[in-house]
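K.L.:
Numbering (my numbering), first residue to last: 30 to 469.
1. Can you tell which of 195, 387, 366 and 407 has the C-alpha that lies nearest to the C-alpha of residue 394?
2. Consult DSSP for residue 107 and reduce its assignment to one of helix, strand or coil.
3. Counting only runs of 4+ residues fully inside the stretch 386-417, write out the alpha helix (DSSP H) ranges in chain order.
4. Just reading off the alpha helix (DSSP H) that residue 180 is part of, what are its end residues?
5. In the DSSP assignment, find the unbroken alpha helix (DSSP H) run with residue 262 in it and report its ends.
6. Which residue from 226, 295 and 456 puts its Cα closest to that of residue 251?
7. Report the CB separation of residue 211 from residue 139 in whole angstroms; it is logged as a contact under 8 Å.
8. Whether or not the stretch 378-394 and the stretch 302-318 are in contact is what I'm after, with contact meaning three or more pairs of Cβ atoms, one per stretch, closer than 8 Å; do they touch?
9. Starting from residue 348, follow its DSSP beta bridges and name the residues at the other end.
10. So what's residue 362 in DSSP terms, helix, strand or just coil?
11. Are residue 267 and residue 317 touching if we call contact CB-CB under 8 Å?
12. Less than 8 Å between the beta carbons of residue 169 and residue 219, yes or no?
13. What's the gap between the Cα of residue 57 and the Cα of residue 274?
14. Got a sec? Which residues, its chain only, sit under 8 Å from residue 264 by beta carbon, not counting five neighbours each side?
15. Whole angstroms is fine: what's the gap from residue 389's alpha carbon to residue 303's?
16. Pull up the distance between the alpha-carbon of residue 53 and that of residue 123, whole angstroms please.
17. Expressed to the nearest angstrom, what Euclidean distance is found between the alpha-carbon atoms of residue 442 and residue 224?
18. Taking its Cβ as the centre, do 16 or more other Cβ atoms sit within 10 Å of residue 421, making it buried, or is it exposed?
19. My assumption, with CB atoms under 8 Å, is that residue 222 sits in contact with residue 84. Please give the rounded CB distance.
20. Check the Cβ-Cβ distances between residue 192 and every residue of chain D, and say whether any is below 8 Å.
21. Can you tell me which of the three DSSP states residue 382 falls into?
22. By the three-class DSSP mapping on this structure, what secondary structure does residue 310 have?
23. Under 8 Å between the Cβ atoms of residue 351 and residue 417?
24. Counting only the same chain and skipping the five closest in sequence on each side, list residues whose C-beta sits under 7 Å from that of residue 179.
25. Round the Cβ separation of residue 369 and residue 387 to the nearest angstrom and send it over; I've been treating them as touching at under 8 Å.
26. Could you name the residues of the same chain whose beta carbon sits closer than 7 Å to that of residue 191, not counting the 5 residues immediately before and after it, in chain order?
27. What residues in its chain sit with their C-beta under 8 Å from that of residue 410, if we drop five residues either side in the sequence?
28. Does the count of Cβ pairs from the stretch 235-249 and the stretch 137-153 closer than 8 Å reach three?
29. Give the secondary structure of residue 457 by DSSP, where H, G and I count as helix, E and B as strand, and everything else as coil.
30. Work out the CA separation of residue 404 and residue 94 for me, nearest whole Å.
31. Since residue 59 and residue 129 are thought to touch, with beta carbons under 8 Å apart, how far apart are those beta carbons, to the nearest angstrom?
32. What does residue 304 pair with, by DSSP beta-bridge criteria?
33. Run the CB neighbour count on residue 126, radius 10 Å, all protein chains shown included, and call it buried at 16 or more, exposed below.
34. Might you give, ordered along the chain, the residues of its own chain that have their beta carbon closer than 7 Å to the beta carbon of residue 348, omitting 5 neighbours on each side?
35. Measuring only the C-alpha atoms, how far is residue 253 from residue 136?
Dropping the structure here:
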């Protein structure tokens, strides 16, 4: 674990104490009120599958189940700066507020009656039963907090301690079932909530919503509306199907993914994908936005299935779609203009990502940055400039590089050259001025 200077350590402790003094009462108050209100209802439904009656009850797993309370508090004190404490506390609050809102809007109850327990497990179950009634099920706040706390410690532990932490976290996760506190569907919905909290308050960067400004672009709004409609359709699937099968709540995953993309087009920008310069993305982004990325992958395959993966535009530079791992062998560097796709994971490749949203015109700054990255990559060998299909974003950067390198007189001529190579380049004349300006 990282050592912290004494002065900073004091500030961390003070911040942790203050947050804990707020979070602990807030947790028990809101959780208790939600339980109480649910208990007043004449009928509280459940979403248990019939086969869940085969889940065994292990009394001793109440120990790992309870341990999350200790880690909840301890994690606030294990930070490098007060800002780290605040970020973790905001993650806790996000999970708490959303979970409680769900519990109030549609409470669910656990239907299994635990057998009588004795000794330490019996005592711990008795204490738990004093405030944790069986009404707050999906999303499992226990699992949401586990995702947050697991991520917090996995970044700070190494070697055998990290491996031990993974095992213990797994025990905590399984214990929500083996203590008969939750049903199966509570787990993925809780994990989705935990991942959302991680996504909303990432470690390396500001929140993806912190710079949100409503965009003044009709095309962006049309795309935001389209993705918002898709999110709404998946949400409707969830509402309709959950009445007959608890698995219907899984439709919330693609619904959330497409909602986040809609927010990106509405004004949050490519930051919603949390893609780094090396082509990687945060764990939260990787999982939360997987349904959208899968759709983007299918779209990429459909439109490029009868085309070569890339074409040679001269000087050891190639223009194409985002490559698969097996297509990277010829290249020493990749200039990736997508926000939605991730690097395939080939370490020898110099991967330079300049994230941008699909179907949106690049800014002059992004075009120039991409063209300069091509020149940097050529020092190492062949360079691939790519986007989802290799038709628009990467084509604009390729055109800029052709003009900068003297291989084309201007953007219009560069676009004509690219089309002559057989690549169905789609660049409107409105982008030509930005390309020519970036090429100067």
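Idealized CB from N, CA, C, for every residue including glycine.
P.N.:
Reading from the atomic positions:
1. To locate residue 394, count along the chain shown from 1; it is residue 365. Selected option, being the one with the closest Cα: 366.
2. Here residue 107 is taken as the residue at index 78 of the chain shown, counted from 1. In this structure, residue 107 counts as coil in the three-state DSSP scheme.
3. 393-407
4. Counted from its first residue, the chain shown places residue 180 at position 151. Per DSSP, residue 180 belongs to the alpha helix (DSSP H) from 170-183.
5. Indexing the chain shown from 1 puts residue 262 at position 233. Looking at the DSSP string, the run of the alpha helix (DSSP H) that includes residue 262 is 247-270.
6. Residue mapping note: residue 251 aligns to position 222 of the chain shown, counting from 1. Residue 251 has its Cα closest to that of 295, out of 226, 295 and 456.
7. Translated into the one-based positions of the chain shown, residue 211 becomes position 182. Translated into the one-based positions of the chain shown, residue 139 becomes position 110. At roughly 6 Å, the Cβ-Cβ gap stays under 8 Å, so residue 211 and residue 139 are in contact.
8. Touching, yes, given that three or more Cβ pairs across the two stretches are closer than 8 Å.
9. Here residue 348 corresponds to residue number 319 of the chain shown, with the count starting at 1. 340 and 414, per the DSSP bridge assignment.
10. Against the chain shown, residue 362 aligns to sequence position 333. DSSP places residue 362 in strand when its eight states are reduced to three.
11. Counting from 1 along the chain shown, the entry for residue 267 is found at position 238. Counting from 1 along the chain shown, the entry for residue 317 is found at position 288. The answer is no: Cβ separation not under 8 Å.
12. For the purposes of this step, residue 169 is taken as residue 140 along the chain shown, with counting starting at 1. For the purposes of this step, residue 219 is taken as residue 190 along the chain shown, with counting starting at 1. Cβ distance < 8 Å, so residue 169 and residue 219 count as in contact.
13. As a first step, residue 57 is located in the chain shown; it is residue number 28 there, counting from the start. As a first step, residue 274 is located in the chain shown; it is residue number 245 there, counting from the start. Going from the Cα of residue 57 to the Cα of residue 274 covers about 31 Å.
14. Here the question's residue 264 lines up with position 235 in the chain shown. Excluding sequence neighbours, residue 264 sits near 280, 281 and 284.
15. Start at 1 with the first residue of the chain shown, and residue 389 comes out as number 360. Start at 1 with the first residue of the chain shown, and residue 303 comes out as number 274. Roughly 18 Å between the two C-alpha positions.
16. Locating residue 53 in the chain shown gives position 24, counting from the first residue. Locating residue 123 in the chain shown gives position 94, counting from the first residue. Looking at the two C-alpha atoms, the distance is approximately 14 Å.
17. The residue given as residue 442 occupies position 413 in the chain shown. The residue given as residue 224 occupies position 195 in the chain shown. The alpha-carbon separation between residue 442 and residue 224 amounts to approximately 47 Å.
18. Residue mapping note: residue 421 aligns to position 392 of the chain shown, counting from 1. With 16 or more other Cβ atoms within 10 Å, it is buried.
19. Translated into the one-based positions of the chain shown, residue 222 becomes position 193. Translated into the one-based positions of the chain shown, residue 84 becomes position 55. That pair is no contact at about 22 Å.
20. In the structure shown, chain D cannot be found, because there is only a single protein chain.
21. What you label residue 382 is simply residue 353 of the chain shown in a count that begins at 1. Here residue 382 sits in strand by DSSP.
22. Sequence index remark: in the chain shown, residue 310 carries index 281 (1-based). Three-state DSSP puts residue 310 in a strand.
23. Walking along the chain shown from the start, residue 351 turns up at place 322. Walking along the chain shown from the start, residue 417 turns up at place 388. It is a contact, given that the beta carbons lie within the stated cut-off.
24. Reading the chain shown from its first residue, position 150 is the one you call residue 179. Excluding residues within five positions, the ones whose Cβ falls inside 7 Å are 198.
25. Indexing the chain shown from 1 puts residue 369 at position 340. Indexing the chain shown from 1 puts residue 387 at position 358. Residue 369 to residue 387, Cβ: 6 Å. Contact.
26. The residue you call residue 191 lines up with position 162 of the chain shown. Only 183 meet the Cβ criterion.
27. Within the chain shown, residue 410 is the residue found at index 381, counting from 1. Excluding positions up to five away in sequence, the list reads 345, 360, 361 and 362.
28. Short answer: they don't touch.
29. Locating residue 457 in the chain shown gives position 428, where the first residue counts as 1. It is coil, neither helix nor strand.
30. Within the chain shown, numbered from 1, the residue matching residue 94 stands at position 65. Within the chain shown, numbered from 1, the residue matching residue 404 stands at position 375. Cα-Cα distance, rounded: 55 Å.
31. Taking the chain shown and counting its residues from 1, one reaches residue 59 at position 30. Taking the chain shown and counting its residues from 1, one reaches residue 129 at position 100. Right, the Cβ-Cβ distance comes to about 5 Å (below 8 Å), so this counts as a contact.
32. For the purposes of this step, residue 304 is taken as residue 275 along the chain shown, with counting starting at 1. Answer is 310, bridged to residue 304.
33. Indexing the chain shown from 1 puts residue 126 at position 97. Its Cβ having fewer than 16 others within 10 Å, residue 126 is exposed.
34. Sequence index remark: in the chain shown, residue 348 carries index 319 (1-based). Counting only Cβ-Cβ distances below 7 Å, and skipping sequence neighbours, we find 339, 340, 342, 414, 419, 423, 424, 427, 447 and 452.
35. Locating residue 253 in the chain shown gives position 224, counting from the first residue. Locating residue 136 in the chain shown gives position 107, counting from the first residue. Their Cα atoms are separated by approximately 31 Å.
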